[in-house]
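Going down the list, the sequences are from chains A, B, C, D and E. Going by this note's numbering, 19 is the number at position 19 of the first sequence; the sequence numbering is gapless. Going by this note's numbering, 1324 is the number at position 324 of the second sequence; the sequence numbering is gapless. Going by this note's numbering, 2090 is the number at position 90 of the third sequence; the sequence numbering is gapless. Going by this note's numbering, 3121 is the number at position 121 of the fourth sequence; the sequence numbering is gapless. Going by this note's numbering, 4055 is the number at position 55 of the fifth sequence; the sequence numbering is gapless. Note that CB positions come from ideal geometry on N, CA and C, so glycine has one too. Note that the structure is predicted; figures quoted are calculated from it, not measured. Working notes for the structure below.
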Amino acid sequence: MADTIFTVRSVTKAFGGLTALKAVTLEVGREEIFAVIGPNGAGKTTLFNVISGVYRPDEGEIYLAGRPLHGLTTHRIARLGVARTFQITRLFKQLTVLDNVVLGFGRGDIDPRGLVGGARRPAEVERAKELLAAVGLKDSAGLTAGTLAYGDQRRLELARAMAMDPTLLLLDEPCAGLTHHEALELAALIRRLKDSGVTVVLVEHNMYVAMGVADRVAVLDHGEKIAEGSPEAIQRDPVVIEAYLGRGEAGEDRA
Amino acid sequence: MSAYRGKWVNALLAGLLIVALAFSFAGCKPKEPQVVKIGVFAPITGPAAADGAAATNAAILAVEKVNNAGGINGVKVELLTYDDQFSSAQAVAVAHQMIERDGVVAIVSGSYSTPTRAVAPIAQEAKIPLVAGYAVHPDITAAGDFCFRNSFVGTVQGLAAAEVAVRDLGAKKVSILMVDTDFGRILGETFKQTVEARGVKVLSIDAYPYGEKDFSALLTKIKGLNPDLLYATGYYAEGAAIALGAQTVGLTCQILGMEGMDSPKFLELGGAATEGIIITTNLNRDDMRPIAQEFLQAYESRFNVPADMVAASTYDAILIVCEAMRVGGFEPQAIRDAIAGLTNFEGVTGVIQAFTPSGEVIKPVQVQIVRDGAFHFFSVVDDPAIITPPN
Amino acid sequence: MISSLYLVTVVTMTCIYIILASGLNIITGYAGQPNLGHAAFFGIGAYASALLTTKAGLSFWAALPLAILITAVVGLALGVISLRVRDDFLAITTIGVNFVVVSVFLYFTFFGRALGLGGIPRPTLFGYNLQKPQYLVLVLAVVALVMALCWVFSRSRLGLMVTAVREDEIAARCLGLDVTRLKIIAFVLGTSLAGLAGSLYAHFMTFISPYDFAFPVSITIMCMVVLGGAGTLWGPVVGAVVLASAPELLRFIQDYRMLVYGSLLVLLMLFQPSGLLGMGSAFAGRELRLAARARGRVNQGG
Amino acid sequence: MLDIENLTVHYGHSVAVSGVSLTVGEGELVTLVGANGAGKTTILRTVMGLHRPTQGSIRYQGRDVAGLRPWVRSRMGVVMIPEGRRIFPELTVLENLRIGAYARTDRDGVAADLEKAYAMFPILRERAGQIGRTLSGGQQQMLAIARALVARPKLLLVDEISLGLAPILVDEVFRAVETLHREGVTIFLVEQNARKALEIADRGYVLSSGRLVLEGTAAELRANPEVKKSYLGG
Amino acid sequence: MVVQQIANGVVLGSLYALVALGLTLVYGVLRILHVAHAGVFVLGAYVGVLVYLPTGSLALAIVSAAVVCSLAGLIMYRFLYRPVLGRPPLVPLIISIGAFMFLEDLYRLVMGPYIKSLPVTIRAAGFETAAVRLTGYQLFIVAAAAGLLLGLWWLMRGTRLGLAWRASAQDLETAAAHGINTDVIIGVCFVIGSAIAAVAGVMVGGYYNQVYPSMGSVPAYKALAVIVLGGMGSVPGTVIAGLALGLAETLTMVWVGTFLPRDAIAFLVLILMLLVKPTGLLGRAS
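Written out as structure tokens, the structure is:
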């Protein structure tokens, strides 16, 4: 934790009267896998949307490698090296699987050379095929993305995010829709990503995966961080158990 | 499923194309030798379809009249009618088709200024005479010596209206409403300049869009200005709406209109509200000349609608061409020369004294008043200084 | 060379429509932005070119690029509007733009009002005045150039990015795509082509009037794109050829032509909404989203 | 009461559910658990008639309902508490409840059920005149349940009822579902919160990527190590 | 004169509101821009002519127009829109425009291109003071518009059908899942919207004494501006926007002058307003 690369500092986000995030602070180390867990509606996806600039935080600051991300537009944040996947997949459904991945390269730079050089440079096609192979979509490169099964769509989203060669990778429930076996494969892939120098923040429901893959875990509940620590510590934390199992009296009426 | 339907649509389109081709070949039947072709274009579909119908109806009637009388020196006239859709791009294609494919010897415009203006230079270049029935844009006759116009240019009618306003009606304070087309504006602005030069005060001048029906706001404003004459340019639909609107808001001053309102439809749509309205036009309903009465009756009995200015003007344009062929023969150049040399020709729209060298008609401006639901003679403007178009 | 001026006229107009439809295709087909006011930009190009040659005394060759530039600037403004106003609202806004632009032509003396603008010169080349057949050669060359440009665009990274914006804006942003700029680029490219078509039209007709650019013309262009297949390279060309020649081919039924034209549109949309060349619907990416909007909310999977 | 056989459903070109067969017996509380995107909601929506199956049959009370429009099914007693609550945001609480009872003609019965709903969620009585969208998330979920209750369902389809609720409210809504079950309503419960669902269910099915992977009594599933690992948090 | 001009604006605005209402109802439930609605409006005017001229009964003319148009509206829904529900909005929009072109030409072919007169006479007395003067017919228009709108208001707010209707407009699917026959609701939208358009057609035809094939051209697209200004799908918003537009047009025409035709003014206001508030005057962001 000495080498913090990604910082979320006292971020607050409200929708109307509903506070989705309340002064959330996270510090993520370089090449760390950091899991954010919490009950449904705890604010996990909102956190991702704020980090990636889809929403603008009401208060607080976000830094990646010392550069502020808060207040930047989504595409600027992406160009600074933040890639993400979505809880409900957002693919370019009419484009081919290959093109979906190719769009990740170059982080969206409108390169004048791209106008005459064709949409896909041979080197990019090679690299895209490698990425597709890595997520198990080797044979689907020529298909239209919209025709993929749900699980395959999730994998394609991951490949697309990896194509951006991100510094920080945000994974929103990457295991949703995968079988247990597939989830394990994915966990292994995430570890390999870490080894290749990517910092990963993931939101996950599958506790088994989350606890198994993460170096550290933060727990969100009602927009507040209620715990943070190693997976083992979190699993033993009475506050977390209470939040998950709902035995306490602390719950208020919120969505 | 959708692939199947796609095939179905493709087949439908292909079928249409084949039918179209078949028809275009069917059109290439051998020509009868003793026939001369006149082309007419008009806005048969689109926003001006009513005028397109009037123009083509009148053209059909005129050609029938000529053919029933044995044709022109024994040669029958064949009429080819085309739809320009009120579009200049369409009119250009139509013009080329008439001249090149159909081989017409003369063209009559039963259309508005914009399409006619597109056709004029093409006719000029091909040296095919063109007679515009009622299109008023100056560029039409300016295209060259093969282009003629059988209607008053805007300035003539504007001047004539000013003459009526001052000489006959003694107006001192006037308001002007003009339809925002080339025609309406030329009339309105000529009128304004002329009456102002003669010491009349112009209280207001407003343009309104073609097709406008709701005049309550403008007429309420004019009512507040209290003029003793309202000069309104526009076509019969707007004219009737102005008449009705004036009645609705209680505007009682004299209304002076123009030839666009010269239509039985004006009387029908405006009803009692048109009573007393005076217009400048080229058709005298009390004209007892047989040619006029015969046309008015024949048209109404044939098409179940009374003839209007558009019909009468197109009818005359065809008759002018036929007369020129009778005099000069069937060569386009000869027809042109004969039109240019026409004098005192009896048309439905009055006696055509002559055409100016630039191709503009010289004939008296008729002034009509609505009495008991019909147009009647009010006065005539035949001062050569007014009715001779400037060169 | 081509003897029949009739044919020359029909082919020239078809070419102009090909340029218009290809331009609209970039905006609506590739970028997925509805534009029902394309004729307004056609008109802006035509008026700009006409004014620059008749009033400013420029030659056709100088006026053409300037007309494109002027149209592009106005297109840029519409692109900016499209960032704020979406979907149905954008469709209606573009209809509004068409009405407003035509009204400006109609209501300012500078634009010749209802009289239109006349006396627009045909271009001269090496001191030789281009008449209709020669002008057609020029137009054909321009069409070839435009199609080459569209071909390059359709297979370029830029084209792919613009298509990505059509498919999912948020995902595109998260990949670092500058959606704002891409949308504006699409509008500028598409409207520039309309400006080019306008300039060619003005110097072909030698006079123009506001009605040449009224809303029904926009509908015609949109129909060409949709008929041929939006988002495909050759779809708009096929659409333009079919619909621009249809009035000529259908002349034998001239009285019923609009009837046929209208019902053709309806049937096509009912049975082959992705156009003659579209395989899947070019809009299908938006399909789920918009279907969801029509029926409530989307719920994919469980 | 509900028999689904070999059901396959597509979303556009992609398969959301393939070859699923399951049954819900009269008076049973059956749950269908699985991760996000597994196809649970799709099955529920297809049962309701909001989605057209590509293949397979859906029988309700022995009758094939696959071709029937949703409101016909609703009038036969199939009632859904949809995912995300989907109360009518511009209608008042009372109006929302009146929509729930829309198909019913027995005024007295409706009045009684309305009382029952108010008794279950007293806050709704207080807010009867308030516009739906101004309610908090929990209140909206209560309204959605109450709306289904006044429809007097025979078969109640419950979709992700705990989504986005505070734990204390999760307990409350699950208690409400249990109450309905005890009163004899047949319930088909789709839930991501497998622990909670399996606590109150009689039987359960596990869905993954559109296919059924496991089925059994709730107790069996709770004890299954695979289920434990994937859905119960270890 | 100010009072008179406001009265003029209200009369005009009432007509706008009546034409646009059907569009709003359809948009509210189906999110379809029903441009061909203007074709129904023209149909209403023609039925009015065909019935009024031989019978001389305005009531009979309005009722028959309403019946015929309701049927036409239903047929349009069944054969034009229902097959493409759920497709991107451009598809029904183009179908609608195609159908409108078809109808305009059909009227021209069947009824002839000429303007028909609809010389309606109203026995009701006019109203005249020093400041304002309204003819019997103008009063009838305002009264009819107000009556129809109040009736619609009552239907939407005070009846079971209205409740189901509002629910369907907010969430068609959930409404269907709660036993509301949404096919009937949609049908009712087309019937009522078309019937109101028919009434508007007869009244407009009679007011200006002109009925012709292309009389729907301007209303077709201007009504779009009206429903956007009113916040798409909002009935009270549409009425307010219709009246506001009628007043704005009347007043600018008189005091600002015709610097642009009124139709352009409507769209200019629309564009400017959308830039400030992209969801319409009374629209709410979803």
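I'd like to check one pair, residue j with residue i: are the Cβ atoms closer than 9 Å?
i: valine 3173 of chain D; j: isoleucine 3161 of chain D; result: yes
i: tyrosine 4077 of chain E; j: isoleucine 4180 of chain E; result: no
i: leucine 1169 of chain B; j: threonine 1194 of chain B; result: no
i: phenylalanine 2207 of chain C; j: glycine 2118 of chain C; result: yes
i: serine 52 of chain A; j: valine 97 of chain A; result: no
i: glycine 1260 of chain B; j: valine 1348 of chain B; result: no
i: phenylalanine 2089 of chain C; j: proline 4092 of chain E; result: no
i: threonine 3031 of chain D; j: arginine 3147 of chain D; result: no
i: leucine 169 of chain A; j: leucine 189 of chain A; result: no
i: glycine 4162 of chain E; j: leucine 4155 of chain E; result: yes
i: glycine 1133 of chain B; j: glycine 1052 of chain B; result: no
Does DSSP put residue i in a helix, in a strand, or in coil?
i: histidine 70 of chain A; result: coil
i: cysteine 4069 of chain E; result: helix
i: isoleucine 2019 of chain C; result: helix
i: alanine 176 of chain A; result: coil
i: histidine 4037 of chain E; result: helix
i: alanine 4145 of chain E; result: helix
i: phenylalanine 1378 of chain B; result: strand
i: isoleucine 1386 of chain B; result: helix
i: lysine 3196 of chain D; result: helix
i: lysine 13 of chain A; result: strand
i: phenylalanine 1063 of chain B; result: Going by the sequence as given, residue 1063 of chain B is valine instead of phenylalanine. Correct three-state label for valine 1063 of chain B: helix.
i: leucine 1130 of chain B; result: strand
With a 10 Å radius around its C-beta and 16 neighbouring C-beta atoms as the bar for buried, classify residue i as buried or exposed.
i: valine 3227 of chain D; result: buried
i: glutamine 153 of chain A; result: buried
i: lysine 13 of chain A; result: buried
i: asparagine 1304 of chain B; result: exposed
i: arginine 1371 of chain B; result: exposed
i: histidine 205 of chain A; result: buried
Please return the same chain residues whose Cβ sits closer than 6 Å to the Cβ of residue i, not counting the five positions on each side in sequence.
i: serine 2209 of chain C; result: Gly2116
i: alanine 2214 of chain C; result: Val2102
i: histidine 1137 of chain B; result: Ser1113, Arg1117 and Asp1182
i: valine 1164 of chain B; result: Val1367
i: valine 3170 of chain D; result: Ser3162
In its own chain, which residues sit with a C-beta less than 7 Å from the C-beta of residue i, not counting the 5 before and 5 after it?
i: glutamine 1085 of chain B; result: Pro1043, Thr1045 and Gly1046
i: proline 231 of chain A; result: Met211, Ala214 and Val217
i: glycine 2159 of chain C; result: Tyr2030 and Phe2153
Going along the chain, which residues of its own chain have a beta-carbon closer than 8 Å to the beta-carbon of residue i, five neighbours each way excluded?
i: phenylalanine 92 of chain A; result: Asp99, Asn100, Leu103 and Ala145
i: valine 1104 of chain B; result: Lys1037, Ile1038, Gly1039, Leu1080, Met1098 and Ile1128
Within 8 Å of chain B by C-beta, residues of the region 4105-4123 of chain E in sequence order: Asp4105, Arg4108, Gly4112, Pro4113, Tyr4114, Ile4115, Ser4117 and Pro4119
The region 133-153 of chain A: positions lying closer than 8 Å to chain D by Cβ: Thr144, Gly146, Thr147, Leu148, Ala149, Tyr150, Gly151 and Gln153
Contact residues within the region 4006-4033 of chain E, judged by C-beta distance below 9 Å to chain B: Ala4007, Asn4008, Gly4009, Val4011, Leu4012 and Leu4015
Short-range partners of chain E found in the region 1263-1274 of chain B, where Cβ spacing is below 8 Å: Lys1265, Glu1268, Leu1269, Gly1270 and Gly1271
Residues, ordered as in the chain, of the region 1173-1191 of chain B that lie near chain E by beta-carbon distance below 9 Å: Asp1180
Cβ-based contacts, 8 Å cut-off: residues of the region 4221-4250 of chain E near chain C: Tyr4221, Leu4224, Ala4225, Val4228 and Met4232
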